[in-house]
Amino acid sequence: MAVTARVQVPLPWHQDEMARLLDQHRQERLPHALLLSGPRGIGKLRLAESLAQTLLCNSGSDFPCGKCQGCQLSAAGTHPDYHRLSPEDGSKAIKIDQVRQLVSFATRTAQYDGYRIAIVAPAEALNRNAQNALLKTLEEPGSKTLLLLVSHQPTLLLPTIRSRCQQRTLPLPAREQALEWLQGQTGDPESLLDAAQGAPLQALVLEQADWFADRSRLLETLVSVAEGRQSSAQASSVLAKHDPIEMATVIYGWLGRSLKQSVSGVESADPQLAPLLKRLAAAVPAARLLRAAQRVLEGRRALLSGANPNKELLYEQWLLVLVGVDAAPAGH
């Protein structure tokens, strides 16, 4: 059975970062712990997996060959010197018992006389007890142990965790590079990339979301509130049918694009949304658009931190700002 399909190579915009990491490895300056952070949907985990598989590859090349025993074991998820840590099915948190298994793994001798590598993703899913349990391994790593922490929100990690890792902040790729990569994978790369706020992998996820095909109607809902044709409560009941983190990301993007149009006159490249965004910019003063965007961002951060508010009330708080009513912050 072929397993090379699961061998990972970094995405085009991460190849320079991969080269820098491999240079550190060749110079024996690779740290024992790396924290790869950046926006969701840019391929941070893929970069971590590619680095891990390359270091466990027997060929000594700059990318996993996909053919050697090390690559086959890594791709199959059975390499004894490779450990993955993520929330268990049905849970959003990485628990202390899982970290104890990682600590045990890190103290063992490598079976293939090379690196022992563990990936923790997303690292912010570690609860406080789990983070504290991980600290000792970060402070006293075994020989040739590499911990790769992948995070969308590194500020949710304990300062002591962050200080014991070498941090690499990975930005969004250039728009042209992201669009080139998306070509052939989706029929509407520009609209999807806009909706994903420039994150290419998130763009592919959004294409499968129910709201994307319905995005014009959802944006029309916001516009109707701003123009006084619909109440915030009515609009909230429509938005509440969708995932709140997804909606927060999308609404934040729409508000940002309307604000950009209001301030600089730059119109959206999405032909379905451009007229609606123009109406939103005309109906809501720029300062209020900015405040609404800030309120949505606060709500999104709370949701990502594990808050579980009433969705309709959350959306209503955001929408009220559009009509000049600054309700209590999300999560309060």
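Residue numbers (our numbering): 251 to 582. All C-beta atoms in this analysis are idealised placements derived from N, C-alpha and C, irrespective of residue type, glycine included.
With H, G and I counted as helix, E and B as strand and the rest as coil, what does DSSP make of residue i?
i: Val500; result: helix
i: Met268; result: helix
i: Tyr332; result: strand
i: Arg290; result: coil
i: Arg358; result: coil
i: Leu285; result: strand
i: Ala326; result: helix
i: Arg366; result: strand
i: Leu570; result: helix
i: Leu564; result: helix
i: Leu280; result: coil
i: Leu301; result: helix
If we ignore side chains and look at the alpha-carbon of each, how far apart do residue i and residue j end up?
i: Glu440; j: Gln361; result: 47 Å
i: Ile495; j: Gly434; result: 27 Å
i: Val534; j: Ala476; result: 6 Å
i: Glu390; j: Val349; result: 15 Å
i: Ser508; j: Leu564; result: 21 Å
i: Lys317; j: Arg296; result: 19 Å
i: Ile367; j: Ala424; result: 30 Å
i: Ala269; j: Asp312; result: 8 Å
i: Ile411; j: Gln427; result: 33 Å
i: Leu526; j: Arg538; result: 17 Å
i: Leu472; j: Lys561; result: 16 Å
Is residue i near residue j, with beta carbons less than 9 Å apart?
i: Leu306; j: Ser324; result: yes
i: Leu407; j: Leu397; result: no
i: Leu285; j: Gln480; result: no
i: Leu547; j: Ala498; result: yes
i: Asp493; j: Arg541; result: no
i: Pro314; j: Val257; result: yes
i: Glu506; j: Ala543; result: Looking at the sequence provided, one finds Gly at residue 506 rather than Glu. Contact flag set, yes.
i: Gly556; j: Lys342; result: yes
i: Gly392; j: Arg358; result: yes
Buried or exposed: which applies to residue i, given that a residue is buried once 16 or more other Cβ atoms fall within 10 Å of its Cβ?
i: Asp273; result: exposed
i: Glu278; result: exposed
i: Ala580; result: Reliability fails at Ala580, whose pLDDT of 44 lies under 50, so the model's placement of it is uncertain and no value is given.
i: Arg294; result: For the sequence presented, residue 294 should be read as Lys rather than Arg. Under this definition Lys294 is a buried residue.
i: Asp520; result: buried
Just to check, is the beta-carbon of residue i closer than 8 Å to a non-hydrogen atom of the ligand FAD?
i: Gly364; result: This structure simply doesn't include the ligand FAD, nor any ligand for that matter.
Ranges of the beta strand (DSSP E) found wholly within the stretch 378-457, counting only runs of at least 3: 395-401 and 416-419
To test your reading of the DSSP string, which unbroken alpha helix (DSSP H) runs of 4 or more residues are found completely within the stretch 531-557? 536-554
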